[in-house]
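Colleague:
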Amino acid sequence: MAPDELPVSAAARPWEKVRWELRAGDWAGTVHSLQSLSEARAAEPGAELHAVVVARSPDEEGQLRELAGSSSGLHLTVLRPLARGEQPREGEAERLVPGRVGANIAARRVAVRRYGARAPEMRRQPRACAGAVAATSAPTAVLRISAEPRYTRAEWRRILKSPAAAMRQWLVSVAPAAALRDFHDTFLWKTTAEGAARPVLLGLWRVQRDRVPMALGFSGREGAGGQRWFVEPMRWGPPDAPPPCAVDWRAPDAGQDGYAYAEALQSQAGPLGVARGERHLGLRQARQEGGAAVERTWQLSDLPPYWRLVDVLALLQDTELAEPRVLRKRVVAGRSSWTLRAAGPADLLSFELRLPDGSQALAFVPSGVDARLRQRRELRPVRALTSLDFVLGMAPADVGEARGAAGARDAPMPQAGDHDHHDDYAMDAERDPVARKRKADAVPSSPAEPGASSCEAMTVLDPATQQDAHTGPAVAATPAKARRCGVAPPEGFHLEANLGQGNCFPRAVAQALAAAGVKKAPTHVAVRACIVAHMRKHAEAYEQHWDHCEPAPTEPLMDPPDFARYLDLLSRDGAWMGALETAACASAYGKPLLVYAPGKVPQVYNRSAAGRPLHLWYVDDHYSCLKGDAARPDELTPEPGGYADRRAGATRPGSSARSRSGPRALSCLISTGSPRGFAGSSCSTSGSSMGATASTASATQADTTGPSCSSAGSSCST
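Note that the sequence shown covers residues 14 to 731 in our numbering.
1. Taking DSSP's pairing of strands, which residues face Asp261 in a bridge?
2. Nearest CA to the CA of Ala596: which residue from Val617, Cys258 and Ala56?
3. For Phe576, which residues of its own chain have a beta-carbon under 7 Å away from its beta-carbon, when the five flanking residues on both sides are left out?
4. Short of 6 Å in beta carbon distance, which residues of its chain neighbour Arg219, apart from the five on each side in sequence? Order them along the chain.
5. Can you give the Cα-Cα distance for Trp33 and Pro94, rounded to whole angstroms?
6. Counting pairs of Cβ atoms below 8 Å between the stretch 80-90 and the stretch 34-52, do you hit three or more?
7. Excluding five sequence neighbours on each side, which residues of the same chain lie with their C-beta closer than 6 Å to the C-beta of Ala410?
8. Hey, could you find the ends of the alpha helix (DSSP H) Asp198 is sitting in?
9. If you draw a straight line from the C-alpha of Trp242 to the C-alpha of Val66, how long is it?
10. Shortest alpha-carbon distance to Gly505 belongs to which of Lys550, Leu639, Arg54 and Ala53?
11. Identify every residue that forms a DSSP beta bridge with Gly357.
12. To the nearest angstrom, report how far apart Lys203 and Ser159 are at their CA atoms.
13. Does the count of Cβ pairs from the stretch 326-333 and the stretch 351-363 closer than 8 Å reach three?
14. Can you find the residues in the same chain that come closer than 7 Å, C-beta to C-beta, to Ala37, ignoring five residues on each side of it along the sequence?
15. Helix, strand or coil: how does DSSP classify Leu580 here?
16. Considering only C-alpha positions, which residue in the set Gly290, Pro284 and Leu294 is nearest to Ala277?
17. Going by beta carbon distance, what residues of the same chain come within less than 7 Å of Pro265, once the five residues before and after it are set aside?
18. Since I believe Arg549 is in contact with Leu580 (beta carbons under 8 Å), could you give me their beta-carbon distance rounded to a whole number of angstroms?
19. Could you give the uninterrupted runs of the beta strand (DSSP E) lying entirely in the stretch 270-296, keeping only those of 3 residues or more?
20. Check the C-beta distance from Arg157 over to Glu245 and give it rounded, since I have them as a contact under 8 Å.
21. With a threshold of 16 other CB atoms inside 10 Å of the CB of Trp40, please say whether the residue is buried or exposed.
22. Give a yes or no on contact between the stretch 365-378 and the stretch 306-320, applying the rule of three or more CB pairs nearer than 8 Å.
23. Return the Cβ separation of Glu105 and Arg131 in integer angstroms, given the expectation that the two are a contact with Cβ distance under 8 Å.
24. Would you list, in sequence order, the uninterrupted beta strand (DSSP E) runs of no fewer than 3 residues that lie entirely inside the stretch 21-96?
25. Using only the alpha-carbon positions, how far apart do Pro255 and Gly230 sit?
26. Going along the chain, which residues of its own chain have a beta-carbon closer than 6 Å to the beta-carbon of Pro58, five neighbours each way excluded?
27. Using a Cβ-based criterion (distance less than 6 Å to any ligand heavy atom), does Lys604 qualify as near the ligand ZN?
28. For Cys729 and Glu79, I'd like the C-alpha separation in whole angstroms.
29. For Ser363, collect the residues of the same chain with a Cβ closer than 6 Å to its Cβ; drop the 5 residues on either side in sequence, then sort them by chain order.
30. Find the nearest neighbour of Gly263 within the set Pro284, Ala554 and Arg289, judged by alpha-carbon distance.
31. Hey, how far is the Cα of Ala210 from the Cα of Trp169?
32. If you follow the alpha helix (DSSP H) that Trp183 is part of, which residue opens it and which one closes it?
33. Using the Cα positions of Ser637 and His537, report the straight-line distance between them to the nearest angstrom.
34. Between the Cα of Val614 and those of Ala188, Ala81 and Pro502, spot the shortest distance and give me the residue it belongs to.
35. Please report the straight-line C-alpha distance between Leu50 and Ala192, rounded to a whole angstrom.
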């Protein structure tokens, strides 16, 4: 099949028009989407995860397969909705699975495929047995639940239409899965008349008695769809509820809307949750016996500047201060001080705290602060997470650094900590490196002018043969000056650092997709799965350009060559990626992708694709994302070259023990002409005087030697 005859990506043709969702209570594992699953794997790569996912398209099914095969800690169950008359494929089991469409319960016929011995299964449904003894039910209590539109982001009419379903959806998102069976039915729903100044929805909720404190803690918490419900008992006191509590009513700040007001109180709520009044919200607190404890404003000084809210609360756990509420944090002279409200003994005015590193901090009551805070009544938010910037400690690489003999590998064997290789990759130093037939540049390029921050104009020709030192015979119509990058990124760009750890390429692509305005940009785990799934789908097209090496730092030859095994290794976390994967990435996401390197001509992949291009910077076995304003690919003058044809995965530039310069497999794409499936990888010079002979030869070879996969449609949804 010719490349132009391939169908458009199936990402635009989902299996179902109406979105059908699983119910979390029906499964022993966690219900995920492809996006949330990839985020969970990126957050905790080595953790054991039991997940259930509905594959919405064939492309999602392929990416889920790659995710399941890349980690032994992932136990995955994939459900594929079946069309009418469609039968499950080999290895799949047909099931009728309950779910929901909106607020309605609906069952769907699906094909189930399980990855891993402990992939989640459906919970067993209760069955009625003849002569069974009736189970004794636990005592229950009735709570009052309420909601107001000013405190929620959800559509109020949808909540009024089906309040029981909306409340249950909120409960599933805020309550632990193990406790859901102890929260029973809702009844006696009522609401104020239409057009009321403050409409309120009220109902009753039956809860197992020992779950009442937990249910009260959910009061005022935001849940699924932006809903926020408030919970209170019908009567305070045993046996149905905790003892009566005190409420610290808080007025909203000037100009503060209802949602922000409720969000601010939720962040300070204790175990009894938030109370809803006619006009204001308040924080429930346990009553103090006999006035023994006094609430004061405390100040903690001389703490580390990077401490977060959780660190401060953990430090105060073993002190006499009760229910601390942090008001603000300040960092002065490299140390932080925290201001908080807490209840403590009346005679306690100061005490010392011992920090985990052995140093000491002081907690004291500052004079005059109480009165000022009581007058202002301001709630100052505290950031729960600190920002962390990674700075590239890279030295400018020498442009055109002289390379060794053809195929020589004089880099030392990788040592522990030098790079982020995968444990399964063989590090065979006894293989004959000359057998790899790698070509080395004989003439080094001239270094760029000092201080050059953008692309420099230079042409490198061998004076003896009049051949280009990088691409072979020079074409007569080639522009006299080809734009090469200097030692720094091109003007208008700035580097976006990443952790690397063998994943620098997919991490950089994920950052570039976010910079290009993609909604819900994928994680590096999803990017890797997308690339491998695309290469597996078009294996014949990509295998002919593979260099028969494993995706590891030392690139050992695979004997015998097995492209399927290569893709299995490539799907694992930490596997290095190079130019072949760059071309696959541009084709899979359907976007132009440009790679820049010091002293090299920019190279573009999938030039003809629509949308904002992705920009990457390559130096010393490391890829980084380039952000900023830049020219479109057709405004640049890229030329064929082997600058970005190397595998990379170093933690940072120069951190890898490997330092090689041999061209990568994509050099064959440059020498034979760009196939249609890799539109733009030929780097044809737009607006230049490139001769018709070279263009015709490139197009002819593209039709005969290139892969037969098309980039007409993106196979990865962005």
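Ideal Cβ placement from N, Cα and C applies to all residues, glycine included.
Modeller: So, from the data block:
1. When beta bridges are read from the DSSP output, Asp261 appears opposite Leu296.
2. Comparing Cα positions, the closest option is Val617.
3. In the same chain as Phe576, and ignoring 5 residues on each side of it, the C-beta atoms closer than 7 Å to its own belong to Ala552, Glu556 and Trp559, in chain order.
4. In chain order, Thr153, Val155, His197 and Asp198 place their CB closer than 6 Å to the CB of Arg219, counting only its own chain and leaving out the 5 sequence neighbours on each side.
5. Separation of Trp33 and Pro94 (C-alpha to C-alpha, rounded to the nearest whole angstrom) is 9 Å.
6. Contact between the stretch 80-90 and the stretch 34-52 is present: three or more C-beta pairs spanning the two stretches fall below 8 Å.
7. The pLDDT assigned to Ala410 is 40, lower than 50, so where the model puts this residue is not dependable; a value taken from the coordinates is nonetheless given after this. Non-local beta-carbon contacts of Ala410 in its own chain, meaning distances under 6 Å to residues more than five positions away in sequence, involve Pro611 and Val632 in chain order.
8. Per DSSP, Asp198 is not a residue of any alpha helix (DSSP H); the beta strand (DSSP E) it occupies stretches across Phe196 to Thr204.
9. Going by the C-alpha atoms only, they are around 28 Å apart.
10. That would be Leu639, whose Cα lies nearest to the Cα of Gly505.
11. According to DSSP, which records beta bridges pairwise, Gly357 is partnered with Val307.
12. The alpha-carbon atoms of Lys203 and Ser159 are separated by roughly 10 Å.
13. The way I'd put it, the stretch 326-333 does touch the stretch 351-363; three or more beta-carbon pairs between them come closer than 8 Å.
14. The residues are Val44, Val185 and Ala190.
15. Taken through DSSP and simplified to helix, strand or coil, Leu580 comes out as helix.
16. That would be Leu294, whose Cα lies nearest to the Cα of Ala277.
17. So the qualifying residues of the chain are Tyr274.
18. That pair is a contact at about 5 Å.
19. With a minimum length of 3 residues, the continuous beta strand (DSSP E) runs that stay inside the stretch 270-296 are 287-289.
20. 5 Å between Cβ atoms; contact.
21. Counting Cβ neighbours within 10 Å, Trp40 comes out buried, since at least 16 surround it.
22. Touching, yes, given that three or more Cβ pairs across the two stretches are closer than 8 Å.
23. Going by Cβ atoms, the distance from Glu105 to Arg131 rounds to 18 Å, so no, they are not a contact pair.
24. Qualifying beta strand (DSSP E) stretches, in chain order: 43-45, 62-67 and 87-94.
25. Pro255 and Gly230: Cα-Cα distance of roughly 12 Å.
26. If we look at Pro58 and ignore the five residues flanking it on each side, its Cβ neighbours are Asp586.
27. The ligand content of the structure shown is nil, which means the ligand ZN is not present either.
28. If you draw a straight line from the Cα of Cys729 to the Cα of Glu79, it is about 13 Å long.
29. These residues qualify, in order along the chain: Phe377.
30. Looking at the sequence shown, residue 263 is not Gly but Arg. It is Arg289.
31. When rounded, the separation of the alpha-carbon atoms in Ala210 and Trp169 is 14 Å.
32. Per DSSP, Trp183 belongs to the alpha helix (DSSP H) from Pro176 to Val187.
33. Computed Cα separation, rounded: 13 Å.
34. Closest by alpha carbon: Pro502.
35. Near 23 Å, if we compare the C-alpha coordinates of Ala192 and Leu50.
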